[in-house]
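For the record, the sequence lines run as chains A and B. Quick note: the first sequence uses our numbering, first residue 1159, plus one each step. Quick note: the second sequence uses our numbering, first residue 1159, plus one each step.
Number of protein chains: 2
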Amino acid sequence: MEKIEKYSFTVEPFHVDFTGHLFLGVLGNHLLNAAGRHSHNRGWGIDQLNEVHYTWVLSRLSIELDEMPAQYEHVEVETWVESVMKLFTERNFLIRNADDGRIYGYARSIWAMIDVKTRQPSNLLELKDGDILRYVMPPDEKPCPIDKHGRIRLTTPTHLRDIDTYYSDVDINGHINSVKYIEHILDLFPRTAYERHRIRRFEIAYKLESYLGDTLSLYGEPSTETLTEATDAQPCRYQIEIRKHVGAEAKPAGETVVQALVIWE
Amino acid sequence: MEKIEKYSFTVEPFHVDFTGHLFLGVLGNHLLNAAGRHSHNRGWGIDQLNEVHYTWVLSRLSIELDEMPAQYEHVEVETWVESVMKLFTERNFLIRNADDGRIYGYARSIWAMIDVKTRQPSNLLELKDGDILRYVMPPDEKPCPIDKHGRIRLTTPTHLRDIDTYYSDVDINGHINSVKYIEHILDLFPRTAYERHRIRRFEIAYKLESYLGDTLSLYGEPSTETLTEATDAQPCRYQIEIRKHVGAEAKPAGETVVQALVIWE
């Protein structure tokens, strides 16, 4: 079995933003599909693992692009496992144009395997007698030339928006869908940001699950409204944090569900 | 050239709701993709028509299903043109399981062709010397055994929710995306509705465009909260209307953007 899995898609008309480029959340969805297929074809798919009461949990996702695929372009994703530790595995992605081969960019992700009953992380090196190690491609074999995930830490966050969560926000487990968080974060930036700039790098850290009916409070540092004043000479880094409020819980308390970093150029 | 176009997809993990079934909005997206491909392969695609300053506008979409496809199922959509009138064309869809052939249901849609510059409808019978008539399959040749679109008319609507529109809501034309309206409408129903019932038929009428930054006011008749009290013996019909508010315009004024009918069982 090859260590790399290829996954192809076409950029559909309803998946592009007003600039004609693929929504980052939809790209994230395709990356997660590619990951799911890679795992499945090697006996490590969620459907196969559920039988033994384990499931994959996405912890970090970082995407860095020189260019975002445009409407009707044919895209090919390669995904592979860069490393496996006891409690985490690193999975990388290469995103290229399927017709001319030019590389749009790369992505990195970190996953844990948890026991569905106890919600505790499992030892990846012990599951299936270390079978996962057969698929590892270290950086010297298959490079992924973007930075690893950084540390996200907001010191003086500004409260930006509260959103309620509904039916369309949740996945089959009743959790707010990983891709929906990306949408909600990108919706914090004004129209003019997308007209004048582009997102070079997007990082997201999934800390805790939230559920249908939770209220999500979104915080930013600095406030996302400032982006339109930025100049091209000044790269703009925005840290975002999402906290959840359950039921009638007092605000502004709330646990951190998701943190993100958005770098514009 | 065949009159029917086939379009296949697999129900992806991130495209199912908490019951494990495909989101209706995602199904709508696939139907629109199937329509786009059918048109394109016959020289009537939006990309081809833009060169001559025409584009398709979706006016009505009605979906009726005995069963909603579930996660990982393979789905095949057939689409064809049932009729062409001067200003409208009717396009139908059959939705089936690609493995065992069972039919999930059908859909109907109505489209107009408009001149991009004047925004006026064009005469479909005159464009390209009536070429479109070559693809018509009347009902006796290819039946679509669900009702045509009904009339939606709210007499004593209840105001349910106001929503702001953001970056992720709009398409390449800067209009609120047809699929996003479906999501916003389905989000009006409580979790228990989806736990106890299923949507048998969904109709939507696109009346007017709305744009990034517009506030949308959603109205229902009856109020969608009543659904959880319904019994299985009583089919539940909900009419929904979305009106838009532009800038500081006084509420509750606002033009009707979308109307919908949701029938539960």
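Built from N, CA and C at the ideal position, the CB exists for glycine as well.
Any C-beta of chain B under 8 Å from that of residue i
i	result
Tyr1377(A)	no
Ala1391(A)	The predicted model places Ala1391(A) with a pLDDT of 48, which falls under 50 and marks its position as unreliable; any figure quoted below should be read in that light. Closer than 8 Å: no.
Pro1171(A)	yes
Asp1273(A)	no
Asn1199(A)	no
Phe1181(A)	yes
Asp1329(A)	yes
Asp1345(A)	yes
Ser1166(A)	no
Ser1326(A)	yes
Glu1203(A)	Residue identity check: residue 1203(A) is Gly in the sequence provided, not Glu. For Gly1203(A), the answer is no, since every Cβ of chain B falls outside 8 Å of its Cβ.
8 Å Cβ cutoff, residue i in contact with chain A
i	result
Glu1234(B)	no
Tyr1396(B)	no
Ile1290(B)	no
Asp1175(B)	yes
Tyr1262(B)	no
Arg1425(B)	As displayed, chain B neither begins before 1159 nor continues past 1423, which places residue 1425(B) out of reach and without an answer.
Val1337(B)	yes
Val1140(B)	Absent from the structure is residue 1140(B), since the part of chain B shown begins at 1159 and ends at 1423.
Asn1281(B)	no
Glu1353(B)	no
Arg1349(B)	yes
Asn1255(B)	no
Gln1206(B)	no
Glu1341(B)	yes
Leu1252(B)	no
Leu1312(B)	no
Test item: CB-CB of residue i and residue j under 8 Å
i	j	result
Pro1373(B)	His1403(B)	A small correction: the amino acid at residue 1373(B) is Thr; Pro does not occupy that position in the sequence shown. Yes, the Cβ-Cβ distance between Thr1373(B) and His1403(B) is below 8 Å.
His1342(A)	Asp1273(A)	no
Ala1228(B)	His1179(B)	yes
Arg1266(B)	Ala1193(B)	no
Tyr1165(B)	Asn1191(B)	yes
Leu1344(B)	Leu1189(B)	no
Lys1161(A)	Tyr1293(A)	yes
Arg1356(A)	Met1226(A)	yes
Arg1195(A)	Glu1170(A)	no
Ser1220(B)	Glu1361(B)	yes
Thr1316(A)	Leu1370(A)	no
Pro1296(A)	Leu1245(A)	no
Ile1321(B)	Ser1368(B)	no
Arg1218(A)	His1307(A)	yes
Arg1358(B)	Leu1223(B)	yes
Leu1291(A)	Val1242(A)	yes
DSSP bridge partner residues for residue i (one or two, in chain order)
i	result
Ser1217(A)	Its beta-bridge partners do not exist; DSSP assigns none.
Arg1254(B)	Glu1234(B), Ile1261(B)
Phe1439(A)	Here chain A covers residues 1159 to 1423 and nothing more, so residue 1439(A) does not appear.
Met1271(B)	Trp1214(B)
Glu1399(B)	Tyr1377(B), Gln1417(B)
Leu1180(B)	Val1174(B)
Leu1285(A)	None; Leu1285(A) has no bridge partner.
Glu1222(B)	Tyr1264(B), Arg1359(B)
Cys1394(A)	Trp1422(A)
Ser1241(B)	Glu1248(B)
Arg1292(A)	DSSP, once it has assigned bridges, lists no residue as partnering Arg1292(A).
Arg1319(A)	Leu1376(A)
Ala1228(A)	His1179(A)
Ile1334(A)	Val1328(A)
Pro1279(B)	Ile1272(B)
Cβ shell of residue i (< 6 Å), same chain only, five flanking positions each side left out
i	result
Ile1253(A)	Val1235, Tyr1262, Gly1263
Gln1417(B)	Ile1310, Ala1363, Glu1399
Asp1298(B)	none
Lys1300(A)	Trp1238
Ala1391(B)	Confidence in Ala1391(B) is poor, its pLDDT being 48 and thus under 50, which makes the residue's placement unreliable; the coordinate value appears in the next sentence. Result list for Ala1391(B): empty, nothing under 6 Å.
Val1215(B)	Ala1270, Ile1272
Contact set between residue i and chain C, taken where Cβ atoms lie within less than 7 Å
i	result
Arg1356(B)	Here chain C cannot be found, since the structure's protein chains are A and B.
Own chain partners of residue i with C-beta closer than 7 Å, once the 5 adjacent residues on each side are dropped
i	result
Leu1318(B)	Leu1346, Leu1376, Tyr1377, Gly1378, Ser1381, Thr1382
Glu1413(A)	Leu1366, Arg1401, Lys1402
Asp1175(B)	Phe1181, Tyr1352
Cys1302(B)	Glu1240, Asn1250, Tyr1264, Arg1266
Own chain residues within Cβ distance below 8 Å of residue i, not counting five before or after
i	result
Thr1213(A)	Ile1204, Leu1207, Met1271, Ile1272, Val1274
Arg1168(B)	Checking the sequence, you will find Thr at residue 1168(B) rather than Arg. Excluding residues within five positions, the ones whose Cβ falls inside 8 Å are Tyr1230, Glu1231, His1232, Val1233.
Thr1314(B)	Glu1379
- Curious, which full-length alpha helix (DSSP H) runs of at least 4 residues does the region 1341-1376 of chain A contain? 1349-1354
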